[in-house]
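Peer 1: From first to last, the protein sequence lines are chains A and B. Take 1 as the starting number for the first sequence in the working numbering and just add one per residue. Take 156 as the starting number for the second sequence in the working numbering and just add one per residue. Take a look at this one; I'll ask things after.
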Amino acid sequence: MSKFRKGEKKGMPAISTASLPDIVFMLLFFFMVTTVMRETTLFVSVVTPKATEIKKMEKKSLVSYIYIGSPIKRMQASYGSAARIQLNDAFAEVGEIQEFIATEREAKDEKEIPYMTASIKADETVKMGIITDVKQELRKANALKINYSTRKGTY
Amino acid sequence: MASKRRGLPEINAGSMADIAFLLLIFFLVTTTMDVDTGIARKLPPIPEEEQETPPEIHAKNIYTVLINTNNQLLVEGEYMDISQLKEGAKAFIDNNGRDPSSSENPEKAIISLQNDRGTQYVTYIRVQNELAAAYNELRNKEALNKFGERYIDLNKTQKKEIRKMYPQKISEAEPKNIGGDS
């Protein structure tokens, strides 16, 4: 009996919460590291069209983005409001796409080149003319895997 | 020197967890795991100069979809609303020779999509989406018939089999100007 009484007297030892901050910090660092800040500042406004038959894009590192849309308000004074192409951090002409694809390829491993995808992020209001030009340039650059970026939804 | 004897009072670290939690929640909320989604397509390679003439394709195996500057659809020579396109495409692909003027079988069926330079991108994507939906629904139906599961739940070889029966052949023609200037 005395044995049990002894235990009762001590009560449950309090669980040490001293390591709780460590655990939380670990999680915090994980999220801080994985949070990707958008690397390109968009100069064109892009609202992608909605679609239902969409696929997730895999291997983000192998995707080159081509933004097409009208310049944002701040840039309209110098660039007008006609739809333009943006590659990386600058406006570009249609003719620069081949060069862009070439530089994107150089940065990648040779084995990965066939899996590279060009993602066309174009605004809903853009006319097909510019898209067709971009597609033709991509064909010339032999970047045949493309992806029309869309949101999920229906009209 | 009473203070010396007491030593430095220990800083209470009890609230550290709260601070860390606060930061954690901030990052949890701001992290956008935005997955890029889209419609994947393959462009045809630029034809080589000395390429032989491509094999003839029967006109009945081609389903032409034209989109003009005013975002109107002309399907097989007739005006069509975009909402009917999916059913129209499904009927064409899955015709299997029933209608002699339509496709022979799904493997031979080709959808030819042509647009004008002035067509709006959003219409183009909607058409692409409807055509993809037509194929997906047919594949799904076949998958349910054959394996009793939806197409996306099939394994790789089963998917391949279904894909072979319903190959997605959507041809995007060389750019042309149809129906007015851009």
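Glycine included, every Cβ here is placed at the ideal spot set by N, Cα and C.
Take V67/A as the anchor and find which of S61/A, K145/A and V44/A has the nearest alpha-carbon.
Peer 2: The amino acid at residue 67/A is misidentified as Val; the sequence shows Tyr. Looking at the Cα atoms, V44/A is the closest of the given residues.
Peer 1: For L87/A, count the other beta carbons within 10 Å of its own beta carbon; 16 or more makes it buried, fewer makes it exposed. Which is it?
Peer 2: buried
Peer 1: Helix, strand or coil for Y321/B, going by three-state DSSP, please let me know.
Peer 2: For Y321/B, the secondary structure class from DSSP, reduced to helix, strand or coil, is coil.
Peer 1: Whose CA, out of G153/A, A77/A and T117/A, lies closest to the CA of M57/A?
Peer 2: Nearest neighbour of M57/A by Cα position, chosen from G153/A, A77/A and T117/A, turns out to be T117/A.
Peer 1: Helix, strand or coil, according to DSSP, for F199/B in the structure here?
Peer 2: Reading the sequence as shown, one finds Pro at residue 199/B and not Phe. In the structure shown, P199/B sits in coil (DSSP, three-state: anything other than H, G, I, E or B).
Peer 1: Beta carbon of V33/A, beta carbon of G69/A: below 7 Å?
Peer 2: V33/A is not a Cβ neighbour of G69/A, given a cutoff of 7 Å.
Peer 1: Can you tell me which of R305/B, I317/B and V190/B puts its alpha carbon nearest to the alpha carbon of P261/B?
Peer 2: I317/B
Peer 1: Taking buried to mean at least 16 other C-beta atoms within 10 Å of its own C-beta, is S158/B buried or exposed?
Peer 2: Reliability fails at S158/B, whose pLDDT of 46 lies under 50, so the model's placement of it is uncertain and no value is given.
Peer 1: For chain B, find out if any of its Cβ atoms is closer than 7 Å to the Cβ of G95/A; answer yes or no.
Peer 2: no
Peer 1: For I222/B versus Q283/B, is the C-beta distance shorter than 7 Å?
Peer 2: no
Peer 1: Which residues of the segment 254-277 of chain B have a Cβ closer than 9 Å to any Cβ of chain A? Give them in chain order.
Peer 2: N270, D271, R272, G273, T274, Q275, Y276 and V277
Peer 1: Using beta-carbon positions only, say whether A288/B and E53/A come within less than 7 Å of one another.
Peer 2: Their beta carbons are under 7 Å apart, which means A288/B touches E53/A by this criterion.
Peer 1: Assess, as a yes-or-no matter, whether the segment 134-143 of chain A is touched by the segment 94-102 of chain A under the definition of 3 or more beta carbon pairs within less than 8 Å.
Peer 2: yes
Peer 1: Looking at the C-beta of S64/A, does it have a partner C-beta in chain D at a distance below 7 Å?
Peer 2: Given the protein chain composition of this structure (A and B), no chain D is represented.
Peer 1: Mind listing the chain B neighbours of S149/A? Cutoff is C-beta to C-beta under 9 Å, in chain order.
Peer 2: D191, T192, G193 and I194
Peer 1: State yes or no: is the beta carbon of K197/B nearer than 7 Å to at least one beta carbon in chain A?
Peer 2: yes
Peer 1: Tell me the start and end of each unbroken beta strand (DSSP E) in the segment 226-295 of chain B that is at least 3 residues and wholly inside, in chain order.
Peer 2: 228-230, 233-235 and 265-270
Peer 1: Tell me which residues of the segment 69-84 of chain A have at least one Cβ-Cβ distance to chain B shorter than 8 Å, keeping chain order.
Peer 2: none
Peer 1: Less than 8 Å between C-beta atoms, sequence neighbours within five positions excluded: which residues of the same chain meet that for E362/B?
Peer 2: Nothing about residue 362/B can be reported from this structure: the residues present for chain B run from 156 to 337 only.
Peer 1: So, at 7 Å on beta carbons, what are the nonlocal neighbours of Y245/B in its own chain, with the 5 sequence-adjacent residues on each side left out?
Peer 2: According to the sequence provided, residue 245/B is Lys. The question's Tyr does not apply to it. The answer, listed in chain order, is A289, E292 and L293.
Peer 1: Express the C-alpha separation of F176/B and L144/A in angstroms, rounding to a whole number.
Peer 2: Straight through space, the alpha carbons of F176/B and L144/A are spaced by roughly 46 Å.
Peer 1: Would you tell me roughly how many angstroms separate the C-alpha atoms of I131/A and A122/A, rounded to the nearest one?
Peer 2: Their Cα atoms are separated by approximately 8 Å.
Peer 1: In the DSSP output, what is R151/A paired with across the bridge?
Peer 2: DSSP, once it has assigned bridges, lists K50/A as partnering R151/A.
Peer 1: Cα separation between A51/A and L229/B?
Peer 2: 21 Å
Peer 1: Is the shortest distance between the beta-carbon of G335/B and the beta-carbons of chain A less than 7 Å?
Peer 2: Legend: pLDDT at G335/B = 49, less than 50; position of this residue unreliable, value from coordinates given subsequently. So no, G335/B is outside the interface.
Peer 1: I want to see whether chain A comes within less than 7 Å of Y279/B, judged by CB atoms only; does it?
Peer 2: yes
Peer 1: With distances taken from CA atoms, which of R74/A, K55/A, T40/A and K60/A is nearest D89/A?
Peer 2: Among R74/A, K55/A, T40/A and K60/A, the Cα nearest to that of D89/A belongs to T40/A.
Peer 1: If distances are taken between C-alpha atoms only, which option among L42/A, E110/A and Y115/A comes closest to I72/A?
Peer 2: L42/A
Peer 1: Just the C-alpha distance for E231/B and V220/B, rounded to the nearest angstrom, thanks.
Peer 2: Rounded to the nearest angstrom, the two C-alpha atoms are 7 Å apart.
Peer 1: Keeping to the same chain, check which residues put their C-beta closer than 8 Å to that of F302/B; ignore five residues upstream and five downstream.
Peer 2: L309 and Q313
Peer 1: At the 7 Å Cβ level, is I166/B part of the contact set with chain A, yes or no?
Peer 2: no
Peer 1: Note down the Cα distance separating E110/A from L240/B, rounded to an integer number of angstroms.
Peer 2: Counting only the Cα atoms, L240/B lies some 41 Å from E110/A.
Peer 1: Return no unless some Cβ of chain B is closer than 7 Å to the Cβ of E104/A.
Peer 2: no
Peer 1: In whole angstroms, what separates the C-alpha of M320/B from that of R305/B?
Peer 2: 15 Å
Peer 1: Cutting at 6 Å between CB atoms, please list the residues of its own chain near E124/A, excluding the five before and the five after it.
Peer 2: V47 and P49
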